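As structure tokens, the structure follows; a few thoughts come after it.
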Amino acid sequence: MMDSIAMGRGQSERSGQRRLLRMLASLMTGAALDRNSAATKFGVNPEGAHTLLKRLESEIPGVEKRKRGRIDEFYFVGAATEEPLTTTRSSVGFAQALAASFASAFARVFAGTRYARELVENRRSVIAELASTRQRHFGNIGRKVHVRCGQEELLEDRETQLDEVLDAILRQRVATMRYRRFGGDEQRITLRPLTLAVYDSHLYVVGATADSAAYPFRFARILEFEVLDQRFEYPGAGEYDPEAVFHDSFGIFVDPDPCDVRLRLDSRWSVFARHHRWHASQRIERELDDGSLLLSFHVRPCKELEQWLLGLGEHVEVLEPESLRVRISERLASAVRRYDAV
């Protein structure tokens, strides 16, 4: 008899679990349930239905409760629809609203221009199209999604020039510009502007010139920019791809030619190096007895790489190539002499 009682109890528990799962499935596919509708739909009394719904609310992320008059109504936040079936379903989805939120987080890169304002406005309008029950999850979204930028460009008086650059890129027009090089020299350059790139919060116009198939020009150092009537054919993906252009770059530089670089990194940086990628080619060759790491890269030995190595100070040693090792040694020695002179 005890066995039959236990068997009956087990069957009852399994039946309750199946009912609970059916309720959850109904909520996840868009139904909104209260105690009475759940009782009718799943063959249980209203009190039992309410108990099961409250259990789902407490144990399943996404199951939430709202008031419909004096009745508790339960729904699923990620469901195909969270509104009553009589309500028109929104065409904007959760992922689309998040994408707009991430995009607007980059508005600071364009601070001082209408592009910054429009990125934020686009986020607002997309969220406004969400079902009302989802909109509340996007309250304070400017703080919930945040992009920490570096030192942005000063664009307050450059909006017209930025418009011209974008116009040339989008309409595939040849342009001519007066450009100040890093060292201060000015040049008049004719180019086919291909891409507006963002690196470390700075804008770059990647363009094809007589000397280069694709070269990044710092937007902040463009003194004059004029769009010409001459149109050009945008190159095919096999001919030009910004990912390929910067594949071997440690930052934004596209010269000199890449080479194999080997370093010994102090044990202090060991944990960080195992969880951080400075470059796609980065490889940990092995760990040495003192806990330091041998790292290798295939990158351009450019000024950006040198600055990164200098920033690591005494915690890194360049092993190869010899030319890079010598340059870093000379620059560190020069810095020491500057401090010794104080």
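According to the numbering used here, the sequence shown is numbered sequentially starting from 1. Note that beta-carbon positions come from the ideal geometry of N, C-alpha and C, so glycine has one too. As the structure is a prediction and not an experimental result, all values here were calculated from the model.
{"Check": "Can you grab the Cα-Cα spacing for the pair leucine 194 / lysine 65, in whole Å?", "Outcome": "51 Å"}
{"Check": "Would you kindly report the start and end of the unbroken beta strand (DSSP E) that includes glutamine 172?", "Outcome": "Neither: glutamine 172 is in no beta strand (DSSP E) and is coded neither H nor E."}
{"Check": "Do the CB positions of isoleucine 346 and aspartate 34 come within less than 8 Å of each other?", "Outcome": "Residue 346 falls outside the range modelled here, since the chain spans only 1 to 342, and no answer is possible."}
{"Check": "Does the stretch 126 to 138 touch the stretch 162 to 171, meaning 3 or more C-beta pairs lie closer than 8 Å?", "Outcome": "no"}
{"Check": "Can you look up leucine 154 in the DSSP assignment and give me helix, strand or coil?", "Outcome": "coil"}
{"Check": "Cutting at 6 Å between CB atoms, please list the residues of its own chain near phenylalanine 110, excluding the five before and the five after it.", "Outcome": "Ala116"}
{"Check": "Assuming serine 296 is part of the beta strand (DSSP E), what are its boundary residues?", "Outcome": "293 to 299"}
{"Check": "First and last residue of the alpha helix (DSSP H) that includes glycine 142?", "Outcome": "141 to 144"}
{"Check": "Are there three or more Cβ pairs, one per stretch, closer than 8 Å when the stretch 226 to 238 is compared with the stretch 259 to 277?", "Outcome": "no"}
{"Check": "State the Cα-Cα distance for the pair leucine 293 and valine 145, rounded to the nearest angstrom.", "Outcome": "35 Å"}
{"Check": "Under 8 Å, with one C-beta from each stretch per pair, do the stretch 187 to 205 and the stretch 93 to 105 reach the 3-pair mark?", "Outcome": "no"}
{"Check": "Ignore the nearest five residues each way along the sequence and tell me which others in glutamate 156's own chain have a CB closer than 7 Å to its CB.", "Outcome": "Gly112"}
{"Check": "Could you tell me the boundaries of the beta strand (DSSP E) in which isoleucine 376 lies?", "Outcome": "As shown, the chain starts at 1 and ends at 342. That puts residue 376 outside it, with no answer to give."}
{"Check": "May I have a chain-ordered list of the alpha helix (DSSP H) segments no shorter than 4 residues that lie completely inside the stretch 85 to 126?", "Outcome": "94 to 104"}
{"Check": "At the level of alpha carbons, what is the spacing between arginine 124 and glutamate 118?", "Outcome": "10 Å"}
{"Check": "Between Tyr179, Arg286, Pro216 and Arg173, which lies nearest to leucine 265 when the distance is taken from Cα to Cα?", "Outcome": "Arg286"}
{"Check": "Suppose the cutoff is 7 Å on Cβ atoms and the five residues either side in sequence are ignored; what does the same chain contact list for proline 258 look like?", "Outcome": "Asp248, His298, Val299 and Arg300"}
{"Check": "Buried or exposed for leucine 324, please, with buried defined as at least 16 other CB atoms from any protein chain shown within 10 angstroms of its CB.", "Outcome": "buried"}
{"Check": "Looking at the structure shown, is glutamate 322 part of a helix, part of a strand, or coil, going by DSSP?", "Outcome": "helix"}
{"Check": "Beta carbon of phenylalanine 219, beta carbon of valine 206: below 8 Å?", "Outcome": "no"}
{"Check": "Name the residue from Leu223, Arg148 and Ala208 whose alpha carbon lies nearest to the alpha carbon of aspartate 185.", "Outcome": "Leu223"}
{"Check": "List the endpoints of the continuous alpha helix (DSSP H) containing proline 242.", "Outcome": "242 to 245"}
{"Check": "Exposed or buried, which one is leucine 263 when buried takes at least 16 other CB atoms within 10 Å?", "Outcome": "buried"}
{"Check": "Just to confirm, are arginine 114 and cysteine 149 a CB contact at a threshold of 8 Å?", "Outcome": "no"}
{"Check": "For proline 216, list the residues DSSP reports as bridge partners.", "Outcome": "Val206"}
{"Check": "Looking at the structure shown, is threonine 29 part of a helix, part of a strand, or coil, going by DSSP?", "Outcome": "coil"}
{"Check": "Per DSSP, which residues does threonine 195 bridge with? Please list them.", "Outcome": "Val206"}
{"Check": "Here's the rule I'm using: 16 or more other beta-carbon atoms within 10 Å means buried, otherwise exposed. How should glutamate 320 be labelled?", "Outcome": "exposed"}
{"Check": "Secondary structure at leucine 162, three-state DSSP: helix, strand or coil?", "Outcome": "helix"}
{"Check": "For a quick check, are the C-beta atoms of leucine 56 and valine 63 less than 8 Å apart?", "Outcome": "yes"}
{"Check": "For aspartate 340 and glutamate 121, I'd like the C-alpha separation in whole angstroms.", "Outcome": "54 Å"}
{"Check": "What three-state label does DSSP hand arginine 181 in the structure shown?", "Outcome": "coil"}
{"Check": "Would you decide whether serine 132 is buried or exposed? Buried here means 16 or more other CB atoms lie within 10 Å of its CB.", "Outcome": "exposed"}
{"Check": "Figure out for me which residue from Asp241, Val261 and Arg221 has the closest Cα to the Cα of arginine 283.", "Outcome": "Val261"}
{"Check": "What does the alpha-carbon distance come out to for the pair serine 281 and phenylalanine 250?", "Outcome": "10 Å"}
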